[in-house]
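Here the structure comes first, spelled out in structure tokens, and everything after it is commentary.
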Amino acid sequence: MERFERAAWTQRGLAMATSKPARLAKKLQEKYPLISDQLPAPKPFDADAELSRRQSLLDSTEARQRAHEARCWRKARGNFFRATPDQQEAIRSTWKGWRGPLTAFYFGYVVDVATGEYEARCQRARDKERARSMEIRARERQAQTLQLQFA
């Protein structure tokens, strides 16, 4: 997974961030004209504090994404090593033939398809959807019956 650049201000971004407190104050004044004098004054804008806040958000988001991808790799590799030798060979050949990005998510998909887990998951989803549809139809029939009784 590629690393992203540090957060930096562009001229436009800095201008928008600097004017944000004034824009919010104006918006509140237009929305609540009778009590606008009682609303707290907007805090002065601190570009360094805002930049560090944005950078910490970027860092935590990237750390969370990397941790998620690592969990996906571990899960897919565990499933790969639990597969039969024939399934492992099918996974290897599919993986070697793939010309797209070699990501944990694609590897997990290849493993799931080769081991039959993908089809089983799809079947469970279809069964769940079928049961949900039957329940909705039963409720609709019951509502029609009640409607006819009270009409």
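Residue numbers (the numbering used here): 153 to 303. Note that CB positions come from ideal geometry on N, CA and C, so glycine has one too. Only a predicted model underlies this, so the values are computations on that prediction, with no experimental measurement involved.
So ALA256 and TRP225 are in contact, right, with Cβ under 8 Å, and what is the actual spacing, rounded? Walking along the sequence shown from the start, residue 256 turns up at place 104. Walking along the sequence shown from the start, residue 225 turns up at place 73. Rounded, the Cβ-Cβ distance is 4 Å, consistent with contact.
Reduced DSSP secondary structure (H/G/I, E/B, other) of TYR184: Translated into the one-based positions of the sequence shown, residue 184 becomes position 32. DSSP, read as helix, strand or coil, puts TYR184 in coil.
Below 8 Å, how does it come out for the stretch 246 to 262 and the stretch 215 to 230: are there three or more Cβ pairs, yes or no? Output reads yes: the stretch 215 to 230 touches the stretch 246 to 262.
Can the beta-carbon of PRO194 be found less than 7 Å from the beta-carbon of ALA167? For this step, residue 194 is matched to residue 42 along the sequence shown. For this step, residue 167 is matched to residue 15 along the sequence shown. ALA167 sits away from PRO194, with the two beta carbons spaced by 7 Å or more.
Might you give, ordered along the chain, the residues of its own chain that have their beta carbon closer than 6 Å to the beta carbon of ASP198, omitting 5 neighbours on each side? Mapped onto the sequence shown, residue 198 falls at position 46. Around ASP198: no qualifying Cβ.
Can you grab the Cα-Cα spacing for the pair TRP250 / ARG234, in whole Å? The sequence position of residue 250 within the sequence shown is 98, counting from 1. The sequence position of residue 234 within the sequence shown is 82, counting from 1. TRP250 and ARG234: Cα-Cα distance of roughly 22 Å.
Would you kindly check if the distance between the Cβ of TYR270 and the Cβ of ASP264 is under 7 Å? Position 112 of the sequence shown, counted from the first residue, corresponds to residue 264. Position 118 of the sequence shown, counted from the first residue, corresponds to residue 270. It is a contact, given that the beta carbons lie within the stated cut-off.
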